[in-house]
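Heads up, the thing below is written out as structure tokens.
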Amino acid sequence: MPYEVQGVVSRGKGEPVSLETVLVPDPGPGEAVVNVQACGVCHTDLHYREGGINDDFPFLLGHEAAGVVEAVGDGVTDLEPGDYVILNWRAVCGTCRACKRGKPWYCFATFNAAQPMTLQDGTKLSPALGIGAFLEKTLVHSGQCTKVNRDAEPAVAGLLGCGVMAGLGAAINTGAVTRGDSVAVIGCGGVGDAAVAGAKLAGATTIVAIDMDDRKLTWAKDFGATHTVNSKGLSEAQVVEAMQEATGGFGPDVVIDAVGRPETWRQAFYGRDLAGTVVLVGVPTPDMRLDDLPLIDFFSRGGSLKSSWYGDCLPSRDFPMLVDLYLQGRLPLDKFVTERIGVDGVEQAFERMHHGDVLRSVVTF
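Just so we're aligned, residue 1 is where the sequence shown starts under full-length UniProt numbering, counting upward by one.
Put into structure tokens, the structure is as follows:
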């Protein structure tokens, strides 16, 4: 018999979300049903609602979640009821060309549940990032469940499922920040502040936070920023000068663009040190272009230009490690939780996110 639970559904582009009855089937082969205990309100959920991902409405929103396994399907051997897990949207296949090359964090054939979750009338729902977790129970592929230490509060642990992992991984995995490095982070929302925290964790000695909002710059200092730059009203050249001034005139070793606009990417490109690294983790829209960058500048400046997908994380490796660092007091994940809300408060949380009032609203069950 399917489970009947209340979930947050987006029925049309730009329309307010609604709380509706969702039917969650028993797990089939390779699947698991998870009792969701907490789920962060991520900007990606808002992108889904606005039609910025695709138009496969209606969507079942929510994906940044932690909870306890309720049941597993046939063939699941590494997971059992009662396991405490963070949900991930990179359940690696182990057999694609990326996995076979020893780079499973690039897996090109990740798993999702085969069965759909539906509305009462049988309408199939498209779960956000293959998860759909703004509801009390969700159906996922067993590989989307990463077991972690249950001492970590769900509202905190679940944030590693997407945005916080994206930022931390952009610094640690993609940018390969190491001891003594200088780093700049452009855009200090949840992902950017996670990049700041990751840079500090990796041993960066100079961390420059850049944003147009003084409140966000204050948050960035709480996560380890040593310098702040309010870029409101500054030209691209002035932003470049500011990050170079903070790093002895040379520019940072690594610049992380957590905004994803042509102007911020150019700031990162020209602001870094010679042979420095640019990491793009902010997601551009399809219409954005770089048409005015001389090719000779790519050659003459050298270095690395990288995109970071999900922080280039491997959930089975990274989630348990980061939870342990949090429990040791070395990673302040709890600072990302601005408020705890009910499942009926997601639309209002989107508004607060839009106005920059929160780092993370977290739905708790």
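Backbone N, C-alpha and C fix where the C-beta goes; we use that ideal spot for every residue, glycine too.
In the three-state DSSP reduction, A113 falls in the coil class, being neither helix nor strand. Sequence-distant Cβ neighbours of G143 in its own chain, meaning closer than 6 Å and more than five residues away, are A91, F111. Sixteen is the threshold: when 16 or more other Cβ atoms of the shown chains lie within 10 Å of the Cβ of N88, as they do, the residue is buried. Here the C-alpha atom of G276 lies approximately 54 Å from the C-alpha atom of Q120. Contact check for V358 against R352 passes: the beta carbons are separated by less than 9 Å.
With a 10 Å radius around the Cβ and a threshold of 16 neighbouring Cβ atoms, P29 comes out exposed. About 16 Å separates the beta carbons of D253 and V281, which is beyond the 8 Å limit, so they are not a contact pair.
The three-state secondary structure of T364, taken from DSSP, is strand. When DSSP states are grouped into helix, strand and coil, C42 belongs to the coil group.
The beta-carbon distance between F134 and V8, rounded to whole angstroms, is 4 Å. This is short enough to meet the 8 Å contact definition. If you draw a straight line from the Cα of E64 to the Cα of A194, it comes to about 15 Å.
Where A209 is concerned, the enclosing beta strand (DSSP E) starts and stops at 206-211.
Here DSSP, grouped into helix, strand and coil, assigns N173 to helix. Between L125 and V5, the gap from beta carbon to beta carbon reaches 9 Å or more. If you compare the alpha carbons of L217, V185, W105 with that of T206, the shortest gap goes to V185.
Classified as buried, F223 has 16 or more neighbouring CB atoms from the shown chains inside 10 Å of its CB. In terms of Cβ geometry, G190 and V177 do not form a close pair [threshold 9 Å]. Counting only runs of 3 or more residues that sit fully inside the region 140-195, the beta strand (DSSP E) segments are 145-147, 182-186, in chain order. As for any beta strand (DSSP E) of minimum length 3 sitting wholly inside the region 253-320, the runs are 254-257, 277-280, 304-307, ordered along the chain.
Residue range 236-245 is occupied by the alpha helix (DSSP H) that includes V239. Using a 10 angstroms sphere on the CB of L293, the tally of other CB atoms stays under 16, which defines it as exposed.
Nearest C-alpha to V164 among D78, V24, C39: C39. Residue environment for G75: exposed (fewer than 16 other C-beta atoms within 10 angstroms of its C-beta). Between S182 and V148, the C-beta gap is not smaller than 9 Å, which leaves the two residues out of contact.
Distance from A71 to P116 at the Cβ level is roughly 17 Å; contact not present, criterion being Cβ atoms closer than 8 Å. Segment contact: the region 308-324 against the region 284-293, fewer than three CB-CB distances shorter than 8 Å; contact not assigned.
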